[in-house]
Amino acid sequence: MSDIVDAFSEAWQLILQLDPAFVEIVLLSLKVSTISVAIATLIGLPLGSALGLYRFPGQQFINIALNTLMGFPPVVVGLLLYLLISRSGPFGVFELLFTPTAMIIAQVILVTPIIAALTRQTIQDTWAHYHEQLRSMGCSATRAIPTLLWDKRATLITAVLAGFGRASGEVGAVMIVGGNIDHVTRVMTTAIALEVSKGDLALALGLGVVLITLSLIINTLGYCLQSSYALKTHSVLNSFR
Amino acid sequence: MFPLIFEQVSLGLNSQPKLLLDSINVRIEKAGTLLILGPNGAGKSLFLRLAHQLIKPTQGQISWAIPSKLARQQQAMVFQHPILLNRSAYANLEFALKLKNEHTKIEQQHLIEAMLEQMNLQEHAKTSANVLSFGEQQKLALARAMIIKPKVLFLDEPTASLDPSASYQIEQFLSEVATTSTKIIMASHDLNQAKRLADQVLFLHQGKILEHTEAALFFKKPQSKLGKLFLAGELLWKDNRSLL
């Protein structure tokens, strides 16, 4: 029991003293996750919009593939990416293995399907509601994309935050393609896995606290965005009663 | 851009043998407000959607005096349930003007402010359209349609879900529109409203045109038996009884 108390005590010290090694890991994690989610958003929003608005051959296959990829085991993504970017792989010449770039690619593969699939469903439903009015106004499906994305921004930001949650909490794929190299590719999740295996619970706990806090902040943001619209409507409706 | 001509226009669904609109032949001229009358299921909304090119006929041809693409650009439509964008009342009007791309930012601002004032919505300029009352939403939808100064305004029972006060305001506005160069083609099953607004009447029943005549003549002496029954408020009742 005292071991656990000691570990928590040390963990808090690491956090409060902003231990350089600790901060380095946190910052790299944030950098990798933020860049991957930004790239995934840039791919996922237009891809999801196109799938929601247009009908074309092979669309069903893409929809099923996206849904499958949403639940794809990260370690398998890591393994496949490892095979592609390892020295003997087709992209070995780029020397991406065990770099933050490889970790970003892995996270983009994991996060894009989440953002694209949620965007597709949102845009599809919204287009079904809006399309007659927008077409009446001379707005083509392509021109409607930014309009629909803006109108459903609260839902879509939640989708992006869900993607960020997946990226920041991911361990399997980044462990395989990043290698968990100290000062190079060590992020919060891989560091926790390593420190636990070494029996150094303090650092693992400290990182765990940061990770949970991050998750809490993301979910709070998503909740606030969603409820801000509901609250606005609710207060106006109440004024009529 | 007038006349609008329907030639042997039919509309059906693959899954249903019965046609929703059956061999429609009609020529609509520019003058006056045209009310499409008929009981529920007569095909009034489909007629408007065909004329506005939102749907295509399964048979026949619909033509304007100018190319249909050009004609479409000079039309606007308001639906029974207002469909507004999730943004302010001002931004909803701005969106319509931006799509037209015919005005500078300053001109857009003047047009929007004038239109909001005309519709008595100036207080709600910055209010999200989704939190306006149903009547205000419909007024905003009408404002959005009219801000582009269309040559033809299609209205699909715009007051069907409104209270008398809101209906009255919409009707007042439509009466003003009728004095401009905009042609109103409106679907309704409200006879009193039709009497107040219509110059011509097109009476539909079960997908067929039974009468296309001057409003005064239709209300005084309808030529068809079903027209008489409709004016007497007995058409639906008789239809229902025949099903028993």
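Which chain is which? The protein sequence lines are U and B, in order.
Position 101, counted from 1, in the first sequence is what this note's numbering calls 101; the numbers after and before it change by one each time, with no gaps.
Position 93, counted from 1, in the second sequence is what this note's numbering calls 1093; the numbers after and before it change by one each time, with no gaps.
Don't be surprised by glycine CBs; every beta carbon is placed ideally from N, CA and C.
Because the structure is a prediction, the values reported are computed rather than measured.
Residue i to residue j span [Cα, whole Å]
i          : j          : result
MET175(U)  : PRO90(U)   : 21 Å
ILE1106(B) : THR142(U)  : 27 Å
VAL160(U)  : VAL111(U)  : 9 Å
LYS1018(B) : ALA1160(B) : 27 Å
GLN1061(B) : LEU1011(B) : 11 Å
LEU42(U)   : ASP182(U)  : 30 Å
ILE1024(B) : LEU1037(B) : 15 Å
LEU1235(B) : LEU1229(B) : 5 Å
ARG1027(B) : HIS1052(B) : 15 Å
SER235(U)  : LEU1202(B) : Confidence in SER235(U) is poor, its pLDDT being 47 and thus under 50, which makes the residue's placement unreliable; the coordinate value appears in the next sentence. Cα to Cα, SER235(U) sits roughly 44 Å from LEU1202(B).
LEU66(U)   : THR99(U)   : 26 Å
TRP150(U)  : SER227(U)  : 17 Å
GLU1007(B) : GLN1193(B) : 29 Å
GLY172(U)  : SER2(U)    : 31 Å
SER1224(B) : LEU1048(B) : 22 Å
SER1068(B) : ALA1187(B) : 21 Å
HIS131(U)  : ALA144(U)  : 9 Å
Neighbour flag for residue i against chain B, beta carbons, 8 Å
i         : result
ARG87(U)  : no
THR147(U) : yes
GLN133(U) : yes
ASP125(U) : no
HIS183(U) : no
Neighbour flag for residue i against chain U, beta carbons, 8 Å
i          : result
HIS1052(B) : yes
MET1115(B) : no
ILE1083(B) : yes
ALA1096(B) : yes
LEU1142(B) : no
LEU1093(B) : no
LEU1231(B) : no
LEU1046(B) : no
LEU1099(B) : yes
LEU1004(B) : no
Closest by C-alpha distance to residue i, when choosing among the options
i          : options                                        : result
THR1179(B) : SER1165(B), ALA1198(B), ALA1187(B), LEU1162(B) : ALA1198(B)
ILE1184(B) : LYS1208(B), GLY1043(B), GLN1075(B)             : GLN1075(B)
LYS1208(B) : MET1077(B), LEU1226(B), GLN1073(B), MET1146(B) : LEU1226(B)
GLY105(U)  : THR189(U), THR34(U), VAL210(U), PHE8(U)        : First, the residue type needs correcting, since residue 105(U) is Ile and not Gly in the sequence shown. ILE105(U) has its Cα closest to that of THR34(U), out of THR189(U), THR34(U), VAL210(U), PHE8(U).
LYS1100(B) : PRO1003(B), MET1119(B), LEU1070(B)             : LEU1070(B)
VAL108(U)  : PHE164(U), LEU211(U), THR68(U)                 : PHE164(U)
ALA1089(B) : LYS1030(B), LEU1121(B), ALA1216(B), LYS1221(B) : LEU1121(B)
THR220(U)  : SER197(U), ASN180(U), LEU205(U), ILE157(U)     : ILE157(U)
ASN1130(B) : ILE115(U), GLY138(U), LYS152(U)                : LYS152(U)
Within chain B, the residues that residue i reaches when beta carbons sit closer than 7 Å
i         : result
GLY163(U) : Chain B residues near GLY163(U): none, gap ~22 Å exceeds 7 Å.
Chain-ordered chain U contacts of residue i [CB-CB under 7 Å]
i          : result
GLN1073(B) : GLY138
ASN1086(B) : ASP151
Interface partners of residue i on chain U, CB under 9 Å
i          : result
PHE1079(B) : GLU132, GLN133, SER136
Status (buried if at least 16 other CB within 10 Å, exposed otherwise) for residue i
i          : result
PHE1134(B) : exposed
VAL17(U)   : Contrary to the premise, residue 17(U) reads as Gln rather than Val in this sequence. Result: exposed.
HIS1205(B) : buried
SER136(U)  : buried
SER88(U)   : exposed
GLU1136(B) : buried
HIS1124(B) : buried
LEU1050(B) : buried
Amino acids of chain U, ordered along the chain, whose beta-carbon sits closer than 8 Å to that of residue i
i          : result
ALA1076(B) : SER136, MET137
Heavy atom of the ligand FAD within 7 Å of residue i beta-carbon
i          : result
ALA1216(B) : Although the ligand FAD was asked about, the structure shown includes no ligands whatsoever.
is_contact[residue i, chain A] using C-beta, thresh 8 Å
i          : result
GLY1038(B) : Looking for chain A here will not work: the only protein chains present are U and B.
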